[in-house]
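Numbering (my numbering), first residue to last: 143 to 437.
Quick reminder that beta carbons are idealized off the backbone N, C-alpha and C, glycines included.
Predicted, not measured: the structure shown is a model, and the values here were computed from it.
Read the structure below first, then the notes.
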Ligand code: NAD
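Written out as structure tokens, the structure is:
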């Protein structure tokens, strides 16, 4: 049995912590929101009165927080309160620079650390089928793997500090671009008089096949479980897609990578969000494209 501190018990953190409890670990949790703490208690997490109290006896500390500034501020305070040799796992999606700073803070305090962002969303968090993309030393990775396996189905060591976040934003840049591509194809098909099902039947078994089409189809009908069949309730909210596309653009600028479609995808999701759609599933971008005038 391992003692695990879990900081950040929101949409993702709570179901992830619940799976650690189910696997037989002692989980001490902390969050700023009382409602989230109540859910954690119901799931068998022992709620601590502060992040520092949560980490004091922990072998492993997991953070699942909104952005880089939250992770760095929590790391600044809790790394000093943690046991020597404790392993720090940050599963939040944050910018690569902040991820590398978080590793530095951990190492300065004699702690092992990995960045381990996830793919798979709330459904994957609840089912324990997340994909973890992990950055850090081989020693830290091998220790992290034994904990992450209780929350995920696939765990990939992507290289040194920050490379988990690099993999995450590259993957999600593909996702944002491909969802716009699939949505544009359905929008064009509608205007050409081609049915949704006919386009799906052809493209899903042809060279247009991709996850945005076959798992997360942006029109109702062809894929029963896609958010399009549920009034575009998330799923993966457009605000989170925009966040990840911005992170990808920040990283691309910092290293001078040309990502013209990533940049355009960010602009399209920014327009969509500004029109009041931040809470819709990101596949609802098709509704935005339908109403966009061709220039
Ligand atoms: P969320 O807003 O539901 O949860 C974040 C939690 O962190 C909140 O409960 C908040 O109160 C807590 N928090 C903030 N600052 C804190 C602090 N100083 N101390 C303790 N708790 C603090 O967000 P989420 O959807 O759970 O996402 C968490 C992370 O996972 C984000 O980085 C997000 O980009 C990433 N992510 C989310 C999804 C998804 O589908 N929701 C999928 C993949 C990755």
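The ligand NAD heavy atoms versus the CB of residue 245: any closer than 7 Å? If you number the chain shown from 1, residue 245 lands on position 103. Checking the Cβ of residue 245 against the ligand NAD gives no.
Give me the Cβ distance between residue 309 and residue 238, rounded to the nearest whole Å; I'm assuming they're in contact under 8 Å. The sequence position of residue 309 within the chain shown is 167, counting from 1. The sequence position of residue 238 within the chain shown is 96, counting from 1. Contact doesn't hold; Cβ gap of about 10 Å is too wide.
So what does DSSP say about residue 153, is it helix, strand or coil? Position 11 of the chain shown, counting from 1, holds the residue named residue 153. Here residue 153 carries a coil assignment [DSSP, helix/strand/coil].
Per DSSP, residue 146 forms a beta bridge with which residues? Residue mapping note: residue 146 aligns to position 4 of the chain shown, counting from 1. Residue 146 is bridged by DSSP to 169 and 202.
Check for me: the beta strand (DSSP E) holding residue 383 runs from which residue to which? For the purposes of this step, residue 383 is taken as residue 241 along the chain shown, with counting starting at 1. Element bounds for residue 383: not the beta strand (DSSP E) but the alpha helix (DSSP H), 380-397.
Count Cβ pairs between the stretch 252-269 and the stretch 319-334 that sit closer than 8 Å; are there 3 or more? Because the criterion of three Cβ pairs below 8 Å is not met, the stretch 252-269 and the stretch 319-334 do not touch.
By how many angstroms is the C-alpha of residue 225 removed from the C-alpha of residue 407? Looking up residue 407 in the chain shown gives position 265. Looking up residue 225 in the chain shown gives position 83. Rounded to the nearest angstrom, the two C-alpha atoms are 43 Å apart.
Name the one or two DSSP bridge partners that residue 299 has. To locate residue 299, count along the chain shown from 1; it is residue 157. Beta-bridge partners of residue 299 (DSSP): 276.
Is the stretch 363-372 touching the stretch 327-342 in the sense that three or more CB pairs, one from each, lie closer than 8 Å? Enough Cβ pairs lie closer than 8 Å, so yes.
Determine which residues share a DSSP beta bridge with residue 188 and list them. Numbered from 1 along the chain shown, position 46 holds the residue referred to as residue 188. In the DSSP output, where bridge partners are listed per residue, residue 188 has 170.
Cβ-heavy atom distance between residue 378 and the ligand NAD below 7 Å? Locating residue 378 in the chain shown gives position 236, counting from the first residue. At a threshold of 7 Å, residue 378 counts as near the ligand NAD, since its beta carbon sits closer than that to one of the ligand's heavy atoms.
For the stretch 191-255, which segments carrying the alpha helix (DSSP H) assignment without a break, of at least 4 residues, lie completely within its bounds, in sequence order? Complete alpha helix (DSSP H) runs here, min 4: 193-197, 210-223 and 238-250.
What do you reckon, is the C-beta of residue 270 under 7 Å from a heavy atom of the ligand NAD? Locating residue 270 in the chain shown gives position 128, where the first residue counts as 1. No.
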